[in-house]
Every structure is written in C-alpha cells, then in structure tokens.
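Numbering (the numbering used here), first residue to last: 78 to 761.
This is how it looks when you write it as structure tokens:
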C-alpha cells in the first residue's frame, strides 16, 4: 500500500560535523533515505526530505583546539565537506541545514521551556567525569573505561558493547578520555535533567502501535525499561546557552538539540520558499507520514528519547511513523576508520568510478537486517556482471538493434504470441514487487528485482531471436513486436531504477525519446503509457565501463598501504596499570608451555581460530581471536604460553579449555612463545 499523493516527511540522521563522511555512513541513513524520497516523488506524494550538520558538542571543541581552529571554523569546514559529499552522491535533500543556523535556536528553546514548565526537567548537582588534563567535563560518548559488570576494559561511557550492560558513565572503573586517554576524576557540577523515566508507559503504548523491524522494536523495548533522568546540559562555551538566569557556563547537550535540527531545517526551508509557515503543513499535520532514516547506533535517540521530548512539549509535532534503522556497513571485514587508515579516498574514488556505480553497490548489499560490507571484489562484480552485463547490455543491444532494423523509431506492436504475453506479465509483476520493496524499505530486494527485470529482457530477446525474423519479410512484423516489447522493458527499467541509479535512469529515459524527466509523469502514468509509434529513439552510449582485475588489485593494495602508514604514524597506546594484586593471587595462575599441533578457522567467525595444544600432560582445545593476524597453518608447530587452569567456556558451540598469552602491537597481535622450552614447562 503506497502513500501516493499524501504528505511524506523524510529525515536522515544529522551527520556530526567533526570529520568527513564515508561510505559506511551512506549505507545506513542517507542512500536508503534518498531512494525512498525519490520513489515517493515518483508516486506523486508531497515529499519534504531534510537533513543538516550536527555542529555542537565537546568533541568538536576538542578537535578544533587540536587543529588550532575555533569551533565555528571547524564546523564550517566539515559542513562544507560533507555537503559536497552528499552532492557528489546525488542525495536529493530538499534542504540541507546546520544546527548553527539562526532558525535552530527558537525551536530548541521552545522544547526546553515547555518541558521545564510541564515538570519534565529538574535541576540537580551530581558528580560528573572531569579531565584535569583537558580542563573539561566529558560527555558519556567520549569516555571509555572498565565495565563494572564484566570487566571489559574498552567499555563505552554508557553501555558495554561486550556484555550489553547499561550504566552511568560514573560507574566505570578506571575511566579515561576516549580521545586523549587522560584519566578522569569525579567532580560535582550543576545540570538540568530530563526525567525520561516518566515517559515509560506512554512510550510503550506508542510502541505497541508500531510494526517496525524486530531488531529495532526489541532494542527499544529493552532500552525503555532502563530509562532514567538524563542530563541535557553540559559545562561548555560551545553550544546553545541554557535559557535560565542561573545557568552561566552551561549549554544544552548536543543530543538534546540535534534531533530538533530536523524541525529547524524545515523552518529554514520554508523561509527559502517564501512562506514562513509552510513547514507546519508537514510537522503539524497528523496525516503526514514521518520517516526517520538512521543507523542502529541512533535507535535510542529516535525511538525513545526524542519521542519522549515530543510527548512532553506543547506543539502538535508528528511522532515518527517509520524507523528503518540499518545495521553497520564495513570495509573489507573491518570498520571504516580514517584514524586506522581503513577507508576509501573519496576524492580519488570519484575520479575513477561513477556515482551510480557506488550507489548501486551499496544498495544491492544494504545492511538492512545484519551488518554487511563493501569489498573491492564485490564492487567489481556488481559493476561488471550486473550494471554492465545485465542492465547496460540490454539497453545497448535493444537500442542498437532498433536503429539498425527499425529505422531508429518505436515500431508497431503487432499480434502478441504467448511468449510475448508471458514477458509482459512478468514485467508487470516485477514492477509491482519493486514498488512494494521501495515502499517497505527493502532497498536490497529492490536492487535485485531491478536486475531481474533487466535479465528478463535479455532472456526474452534471446528467445525471440529477432535478428532471424528481420531477414524474412514474412516475419518482420514479429520482429517489430519483439522490439516494441523490449522497449517497454527499457521504459520500466528506467522507471524502477531511478531511485537507485538516477543519472543512468534519466539517461536511458532520454534514449527512449523522452524530453521531460521521469518525475514529470510519475510512476503510475509511466506504467500505463504507450510509446507513440514512430517516436524517434536516440543512439545509445555505453552506460558502464568494465572494471579490470588490475584496478581492483591496485585498490586493495592502496588500502593496505593506507592502513600500514596510519599504524606507523600512530603512537603506541599505553593502557593504565591495573589494580595491584597479591603474590598469592598471581600464584593461582597455572601458566604452561604448549605446542600447537592443529589449527583451523571456526565456521561463521572472522577472527576465531580453533587450536589443539599439547601441554605434555594432555591435549587441549583452545579458541583464540587471532584469525585476523595469523593463518591457521602458520601456527602449527609453534610453542605457546597457555593459561592452563582457566575455567572452560563455550564459544560458538565449542568448549575452549584455556587461553593463549598475547601482546597487542600496532595493528597486530603477537603470540608470546617459548620455542626453546620443553612442552609442559611451568612459566613462573
């Protein structure tokens, strides 16, 4: 069921203006949002698609200071960089704003004042984490430490990514700055807290009405259970000052003001249209469909915190209707990271490859229900086998044939044979399925169905062999019917692929003799329209070039070089010492020299290796997460140091009976070995 002719308000998560974006960001919130917006415009819906830069927060002040810039100079740079990146990727925002724009302050203060007057905000003085080295309080997102529940040393400020426990950042053991590794202390400071726990029942009742993806709904329900008062202010000079007389040096916390950026972006857009009230047609109309496109790390803010803020203020703002949160998109098995040198140089990328090539590759492997990744080999395969081999091949062979055998015009469709009727029905079915996929945020499926439509055209052309019919005057009409049906396929191919590869789709539409763009007519009108007989067709150009193996090998080599350089330039990270232990505690460990006699990868795991280790007294199975650094065969025969009296643990269905001692180096793990020591020797 589509939303044709209704109002559709679409947002994509505001990118933080503290560094350049990468393809990993695009896969989560921006390409899916853009494809959906383009589809809804084809459906003749009344679409407003907004976004903007998120420009406040402690991280920006710290990064700006390190770069020798003011915060405003810093965000100006990355606002321009990221806006340019969106333009390169052909993201069709109706408006791209920023939270430092003059229209942002008023709606943020309205939210704050309403929530305060309605009893949902209270002032309180509590201990917060403070960096004496940096002379500032740190927000949760910039804090790491040891999890109070499981002891994981790299836990985030408000949630342990290893055991999933949520907590206050002040509960962390050995807290330190995520950016500078400086130790943190507790220091009292006054703040204003949003009483989120008051909204638990209202949020749950609202969530009961949603039919979101299970990964989103389940996460939100669990998150709502743990809601508690949360500070919405920070000690800083960069941000919107708290609008109260006793709040000097306090600004509104970035997570409070950032989602209101969707509203302020819409307000700024309306003013540019010459109608200051136009934005309310979308935000204050209950019939509007509001869709927030985000990555999974933004689920708490869009599915619990911001809805609670909307519920607690006085304006009739829309609550989100759809929340198609995507999982993470990685690069060659690892997270995108500029600091780790694991990224794609975008400026270089767009000198070699087209925007539609990367848009299609991301869409065809979109991380909708689980993490997915960009690999250079997959990119090559998508470009060569699908864009070139199916889509481009069909367009070229049909139009070249039409110019050669039909005078370069649309031929008359004659009497239809069963094979023609079957093809026409298949095209109709696929087109309906593609529309349903776009409507239900299944971009990955839509991509596959578009290629299925192209392949159906190739199969039909081959089965009808019009090149044979063209040679006999008695079958020329049959040939013309075949080409007329094939042109119908190209028409539908242009239409259905527009949301994903818009430049190519419009180019194909022009080849079919159409002077006005696809959006001028729209989805339903294009489906029902018949090409006028004798309409002139343009001669096609090659839509996609072949990507050679040598190019891909060079790209992978370049990626490795970037990573190696980043690691060589990075200072060694020295973790703080752990708490002292008694000698008797150390004596409880039984460390033994063992020999690896077998090694293999664990199925469905990228990093786990299953080792069989001979300790002299017995043989043990030990799982070790060193698969990124060692090939299994390279470990066989090595002598290693094992914690032999560690309680067994079951990991991925396999019981691990010990632990290898390793040391973490620059982008590597080194195994502590004892090559000259007999098997079974006790290490003291």
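Even glycine gets a Cβ: it sits at the ideal position worked out from N, Cα and C. These figures come from a predicted structure and were not determined experimentally.
Quiz item: What is the residue span of the alpha helix (DSSP H) that residue 251 lies within?
Solution: For the purposes of this step, residue 251 is identified with residue 174 of the chain shown, where counting begins at 1. First-last for residue 251: 250-254, but that is the beta strand (DSSP E), not the alpha helix (DSSP H).
Exercise. For residue 172, I'd like the list of residues in its chain whose CB is within less than 6 angstroms of its CB, leaving aside the five on either flank, ordered along the chain.
Key: The sequence position of residue 172 within the chain shown is 95, counting from 1. Taken in chain order, the residues that qualify are 127, 342 and 346.
Quiz item: Should the segment 200-210 be regarded as contacting the segment 248-263, the criterion being three or more beta carbon pairs within less than 8 angstroms?
Solution: yes
Quiz item: Rounded C-beta distance between residue 223 and residue 251? I'm assuming under 8 angstroms.
Solution: Within the chain shown, numbered from 1, the residue matching residue 223 stands at position 146. Within the chain shown, numbered from 1, the residue matching residue 251 stands at position 174. Right, the Cβ-Cβ distance comes to about 5 angstroms (below 8 angstroms), so this counts as a contact.
Self-check item: For residue 270: DSSP bridge partner residues
Solution: Here the question's residue 270 lines up with position 193 in the chain shown. Answer is 199 and 308, bridged to residue 270.
Quiz item: To which residues of the same chain is residue 459 closer than 7 angstroms at the C-beta, ignoring the five residues directly before and after it?
Solution: Translated into positions along the chain shown, residue 459 becomes position 382. Counting only Cβ-Cβ distances below 7 angstroms, and skipping sequence neighbours, we find 437, 438 and 441.
Practice problem: Compare the Cα-Cα distances from residue 337 to each of 470, 216, 133 and 654 and report the closest residue. | Solution: To locate residue 337, count along the chain shown from 1; it is residue 260. It is 133 whose Cα lies nearest to the Cα of residue 337.
Quiz item: Do you know whose CA, among 526, 153 and 280, lies nearest residue 377's CA?
Solution: The residue labelled residue 377 in the question sits at position 300 within the chain shown. It is 280 whose Cα lies nearest to the Cα of residue 377.
Exercise. Give every residue of the same chain whose Cβ lies closer than 8 angstroms to the Cβ of residue 683, excluding the five residues on either side of it in the sequence, and list them in chain order.
Key: Taking the chain shown and counting its residues from 1, one reaches residue 683 at position 606. 410, 704 and 705, listed in sequence order.
Quiz prompt | Opposing strand residues paired with residue 369 [DSSP bridges] | solution = Position 292 of the chain shown holds residue 369. DSSP lists 88 as partners of residue 369.
Quiz prompt | DSSP-derived helix/strand/coil call for residue 431 | solution = For this step, residue 431 is matched to residue 354 along the chain shown. In this structure, residue 431 counts as coil in the three-state DSSP scheme.
Self-check item: Reference residue 316; option with closest CA among 110, 513, 115 and 177
Solution: As a position in the chain shown, residue 316 is number 239, starting the count at 1. The shortest C-alpha separation from residue 316 is found at 177.
Self-check item: Boundaries of the alpha helix (DSSP H) in which residue 172 is found, first to last residue
Solution: Working through the chain shown from its first residue, we reach residue 172 at position 95. It is not in any alpha helix (DSSP H) - residue 172 instead sits in the beta strand (DSSP E) that spans 172-175.
Self-check item: Contacts around residue 625, its chain only, beta-carbon distance under 8 angstroms, and the 5 residues preceding and following it disregarded
Solution: One-based indexing of the chain shown puts residue 625 at position 548. Counting only Cβ-Cβ distances below 8 angstroms, and skipping sequence neighbours, we find nothing.
Quiz prompt | Which residues DSSP lists as bridging residue 507, in chain order | solution = Counting from one through the chain shown, the residue named residue 507 turns up at place 430. None, per the DSSP bridge assignment.
Quiz item: In this structure, does DSSP put residue 94 in helix, strand or coil?
Solution: On the chain shown, position 17 is the one that residue 94 refers to. If DSSP states are grouped into helix, strand and coil, residue 94 belongs with coil.
Quiz item: Count the other CB atoms within 10 Å of the CB of residue 497; is the residue buried (16 or more) or exposed (fewer)?
Solution: For the purposes of this step, residue 497 is taken as the residue at position 420 of the chain shown. It counts as buried.
Practice problem: Report yes if the C-beta of residue 661 is less than 7 angstroms from at least one heavy atom of the ligand FMN; otherwise report no. | Solution: The model on display carries no ligand, and the ligand FMN is accordingly not part of it.
Quiz item: Is residue 208 helix, strand or coil when you go by DSSP?
Solution: Locating residue 208 in the chain shown gives position 131, where the first residue counts as 1. Correct three-state label for residue 208: strand.
Quiz item: Do you know how far the Cα of residue 119 is from the Cα of residue 572?
Solution: The sequence position of residue 572 within the chain shown is 495, counting from 1. The sequence position of residue 119 within the chain shown is 42, counting from 1. Approximately 9 angstroms between the Cα atoms of the pair.
Exercise. Quick one: measure Cβ to Cβ for residue 296 and residue 385, integer angstroms, because I've assumed they're closer than 8 angstroms.
Key: Position 219 of the chain shown, counting from 1, holds the residue named residue 296. Position 308 of the chain shown, counting from 1, holds the residue named residue 385. With a Cβ gap of about 16 angstroms, residue 296 and residue 385 do not count as contacting.
Quiz item: So, helix, strand or coil for residue 554, using DSSP?
Solution: Looking up residue 554 in the chain shown gives position 477. Residue 554: helix per DSSP, three-state reduction.
Quiz prompt | Backbone CA spacing between residue 239 and residue 221 [nearest angstrom] | solution = Here residue 239 is taken as the residue at index 162 of the chain shown, counted from 1. Here residue 221 is taken as the residue at index 144 of the chain shown, counted from 1. One C-alpha to the other measures close to 13 angstroms.
Practice problem: To the nearest angstrom, report how far apart residue 694 and residue 751 are at their CA atoms. | Solution: Position 617 of the chain shown, counted from the start, is the residue given in the question as residue 694. Position 674 of the chain shown, counted from the start, is the residue given in the question as residue 751. Those two C-alpha atoms are separated by around 17 angstroms.
Quiz item: Sorted by chain position, which residues of the same chain lie with C-beta nearer than 6 angstroms to residue 79's C-beta, five sequence neighbours on each side aside?
Solution: Looking up residue 79 in the chain shown gives position 2. Here the model assigns residue 79 a pLDDT of 44, short of 50, so the residue's position is not dependable, and the following value carries that caveat. 120 and 516, listed in sequence order.
Quiz prompt | As assigned by DSSP and simplified to three states, the class of residue 818 | solution = Only positions 78 to 761 of the chain appear in the structure, and residue 818 is not among them; the question remains open.
Quiz item: Going along the chain, which residues of its own chain have a beta-carbon closer than 8 angstroms to the beta-carbon of residue 583, five neighbours each way excluded?
Solution: Residue 583 sits at position 506 when you count from the first residue of the chain shown. For residue 583, where only same-chain residues beyond five positions count, the Cβ hits under 8 angstroms are 571, 575, 594 and 595.
Practice problem: List the endpoints of the continuous alpha helix (DSSP H) containing residue 299. | Solution: Within the chain shown, numbered from 1, the residue matching residue 299 stands at position 222. Segment 291-302, the alpha helix (DSSP H) holding residue 299.
Quiz prompt | Sequence-distant residues of the same chain with beta carbon closer than 6 angstroms to residue 399, five excluded per side | solution = Numbered from its first residue, the chain shown carries residue 399 at position 322. Cβ neighbours of residue 399 beyond the five flanking positions: 368.
Quiz item: How big is the Cα-Cα spacing for residue 719 and residue 101?
Solution: Here the question's residue 719 lines up with position 642 in the chain shown. Here the question's residue 101 lines up with position 24 in the chain shown. So the two alpha carbons sit approximately 38 angstroms from each other.
Practice problem: Identify, in the order they occur along the chain, each residue of the same chain with its Cβ nearer than 8 angstroms to the Cβ of residue 688, setting aside the five sequence neighbours on each side. | Solution: Here residue 688 refers to the residue found at position 611 of the chain shown. Excluding sequence neighbours, residue 688 sits near 673, 675, 676, 698, 699, 700, 701, 712 and 737.
Quiz item: Quick check: the segment 583-592 against the segment 510-527, are there 3 or more CB pairs under 8 angstroms?
Solution: no
Quiz item: Closest to residue 129 by CA distance: which of 644, 340 and 520 is it?
Solution: Counted from its first residue, the chain shown places residue 129 at position 52. Here the closest residue by C-alpha is 340.
Quiz item: Starting from residue 115 and walking both ways along the alpha helix (DSSP H), at which residues does that stretch end?
Solution: As a working mapping, residue 115 is identified with position 38 in the chain shown. Note, residue 115: alpha helix (DSSP H), 108-119.
Quiz item: Going straight from the alpha carbon of residue 613 to that of residue 511, what length do you get?
Solution: Your numbering for residue 613 matches position 536 in the chain shown. Your numbering for residue 511 matches position 434 in the chain shown. The straight-line gap from Cα to Cα measures roughly 28 angstroms.
Practice problem: Tell me whether residue 583 sits in a helix, a strand or coil according to DSSP, three-state version. | Solution: Against the chain shown, residue 583 aligns to sequence position 506. Residue 583 falls in the helix class under three-state DSSP.
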